[in-house]
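Asker:
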Amino acid sequence: MNTPTPLMRLVAGVWGFKTLAVGVELGLFTRLAGGRTMTVDQAAAEFGLPDRPADLLLAASASLGLLEKAGDGYCNSELAEQFLVEGRPYYFGAQVRYSDQRTYLPWHRIGEALRTDRPLTWDPESQQSMFDTSDPEMLAQFWDAMFSTSSFTATALADAYDFSGHNRLLDVGGGAGAFPIEFCRRLPELRATVLDLPHVCVRARERIAEAGLTGRIDTFAGDFLADPALPGGHDVILLSMILHDWDEPTNRALLARCHAALPPGGTIVVCELLLNDERTGPPEAALMGMNMLVETEGGRNYSGAEYAAWLTDAGFVDVRTVPFDAPGANGAVVARRP
Numbered sequence: 003m004n005t006p007t008p009l010m011r012l013v014a015g016v017w018g019f020k021t022l023a024v025g026v027e028l029g030l031f032t033r034l035a036g037g038r039t040m041t042v043d044q045a046a047a048e049f050g051l052p053d054r055p056a057d058l059l060l061a062a063s064a065s066l067g068l069l070e071k072a073g074d075g076y077c078n079s080e081l082a083e084q085f086l087v088e089g090r091p092y093y094f095g096a097q098v099r100y101s102d103q104r105t106y107l108p109w110h111r112i113g114e115a116l117r118t119d120r121p122l123t124w125d126p127e128s129q130q131s132m133f134d135t136s137d138p139e140m141l142a143q144f145w146d147a148m149f150s151t152s153s154f155t156a157t158a159l160a161d162a163y164d165f166s167g168h169n170r171l172l173d174v175g176g177g178a179g180a181f182p183i184e185f186c187r188r189l190p191e192l193r194a195t196v197l198d199l200p201h202v203c204v205r206a207r208e209r210i211a212e213a214g215l216t217g218r219i220d221t222f223a224g225d226f227l228a229d230p231a232l233p234g235g236h237d238v239i240l241l242s243m244i245l246h247d248w249d250e251p252t253n254r255a256l257l258a259r260c261h262a263a264l265p266p267g268g269t270i271v272v273c274e275l276l277l278n279d280e281r282t283g284p285p286e287a288a289l290m291g292m293n294m295l296v297e298t299e300g301g302r303n304y305s306g307a308e309y310a311a312w313l314t315d316a317g318f319v320d321v322r323t324v325p326f327d328a329p330g331a332n333g334a335v336v337a338r339r340p
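Using the working numbering, the first residue of the sequence shown is number 3, and each one after it goes up by one.
1. With distances taken between CB atoms, is the gap from L68 to A82 smaller than 9 Å?
2. Are A206 and G175 close, meaning C-beta to C-beta below 9 Å?
3. Check whether the Cβ atoms of F19 and D146 lie closer than 9 Å to each other.
4. Whose CA, out of G214, D220, N253, lies closest to the CA of N226?
5. Applying the 10 Å Cβ sphere with the 16-neighbour rule, what's the burial state of H246?
6. Taking DSSP's pairing of strands, which residues face S242 in a bridge?
7. Report yes if the CB atom of V335 is closer than 9 Å to the CB atom of L264, and no otherwise.
8. Identify the residues that DSSP records as bridge partners of R338: which are they?
9. Sort G333, R111, V204 by Cα distance to L141 and report the nearest one.
10. Going by DSSP in three states, A194 sits in which element: helix, strand or coil?
11. Taking L30 as the reference, which of V87, Y100, T5, D161 has the closest Cα?
12. Please determine if the region 33-41 and the region 61-76 are in contact, where contact requires at least 3 C-beta pairs separated by less than 8 Å.
13. Would you list, in sequence order, the uninterrupted alpha helix (DSSP H) runs of no fewer than 4 residues that lie entirely inside the region 9-77?
14. Figure out for me which residue from R120, D53, H110, R99 has the closest Cα to the Cα of M294.
15. In or out: R54 buried (at least 16 other Cβ within 10 Å) or exposed?
16. With 16 other CB atoms within 10 Å as the buried threshold, where does L189 fall?
17. Determine the burial state of S150: buried for a count of at least 16 other Cβ atoms within 10 Å of its Cβ, exposed for fewer.
18. Suppose only complete runs of 3+ residues qualify. What are the beta strand (DSSP E) ranges in the region 113-186, listed by chain order?
19. Can you list, in chain order, the residues of its chain with a C-beta nearer than 8 Å to that of Y93? Leave out the 5 residues immediately preceding and following it.
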């Protein structure tokens with residue numbers, strides 16, 4: 003006999019996220035860095051909590067695999083130690099904070115988005131895009147969130163696809179430069195350019211300098227949707243977590259500009275959370291598509307077959323999909339300009 007238990011797990015999903023989010027907000031996992039153990043009494047004292055809430059927080063965090071029991075106390079799990087301690091190379095807390103503060107409340111109005119086909123996190127009548135805002139703190143949160151997600155996704159892509167055959171990479175809409183930074187760390191001969199809006203390039207240059215790669219990764223201030231052409235001189239173009247922000251005509255036009263910017267033999271890499279061809283999953287891709295309803299005017303997640311068709315129509319050949327597992331993508335559609 004079926005039971006509604008799977009439905010209850012969906013109901014409780016938000017409880018798990020909010021437990022994670024409040025742990026990040028309190029700095030719980032950062033305080034436990036390096037193998038430190040914390041008892042309920044210590045948690046209550048350090049965070050200024052009564053004993054009952056402190057006990058419930060630690061127990062819930064352990065149930066989610068974020069903490070582990072150690073004697074009378076709790077310590078970070080391997081997952082938390084690697085990704086939830088501030089200052090670590092792949093710190094994921096920025097993504098947690100951004101989602102908690104920026105997108106979760108609008109998601110409560112998802113029915114409105116379904117009925118109106120309008121984004122909920124910004125106003126198209128007064129803003130040009132979700133990136134058009136007078137709130138610099140929100141923008142900083144967004145780019146830090148994208149960097150934390152993109153850094154680990156970049157390592158997974160680099161494991162799945164060999165960039166060593168390329169000399170110069172153009173990262174279109176590259177944000178703070180997470181992908182070029184990871185690739186150039188691995189490949190001493192590779193050079194790269196991050197193309198993004200002027201204020202984003204400022205943040206990218208900061209990240210590139212922190213990584214010690216100023217001489218090898220450049221920035222190019224521009225608008226990849228509005229500029230008539232993309233900068234040339236690159237033999238591989240990366241579109242990572244870009245095309246799901248836009249509708250099909252916009253994406254086809256961008257792919258045509260990518261084709262024009264590449265030399266014969268050049269390669270394009272489209273890195274995304276890909277839907278299967280039946281459009282029934284996986285959940286990560288389908289639910290990101292729902293998030294695009296909340297955050298964009300025309301975005302959605304597409305299947306590998308859809309990207310392959312668009313790339314072929316744009317003049318690319320040898321289209322193939324390279325699967326991998328990462329927080330920001332599950333595969334890359336790769337093609338070559340003949």
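Just so it is clear, CB atoms sit at the ideal spot from N, CA and C, and this is done for glycine as well.
Answerer: Reading it off the structure:
1. Contact flag set, yes.
2. In this structure, G175 does not lie closer than 9 Å to A206 by Cβ.
3. The beta carbons of F19 and D146 sit no closer together than 9 Å.
4. Checking the sequence shown, residue 226 turns out to be Phe, not Asn. Of the candidates G214, D220, N253, the one whose C-alpha sits nearest the C-alpha of F226 is N253.
5. Looking at its Cβ environment, which holds 16 or more other Cβ atoms inside 10 Å, H246 is buried.
6. Residue pairing for S242: DSSP places it in a beta bridge opposite C273.
7. No, the Cβ-Cβ distance between V335 and L264 is not below 9 Å.
8. BP columns for R338 point to T269, V319.
9. Minimum Cα distance to L141 is reached at V204.
10. For A194, the secondary structure class from DSSP, reduced to helix, strand or coil, is strand.
11. The residue with the shortest Cα to Cα distance from L30 is V87.
12. A contact exists between the region 33-41 and the region 61-76.
13. Listed in chain order, they are 15-28, 30-33, 42-49, 53-65.
14. The shortest Cα separation from M294 among R120, D53, H110, R99 belongs to R120.
15. Counting Cβ neighbours within 10 Å, R54 comes out exposed, since fewer than 16 surround it.
16. Buried, because 16 or more other Cβ atoms sit within 10 Å of the Cβ of L189.
17. By the neighbour-count rule (16 or more Cβ atoms within 10 Å), S150 is buried.
18. Residue ranges of uninterrupted beta strand (DSSP E) with 3 or more members, entirely inside the region 113-186 and ordered along the chain, are 170-174.
19. Excluding residues within five positions, the ones whose Cβ falls inside 8 Å are F85, L86, V87, S150.
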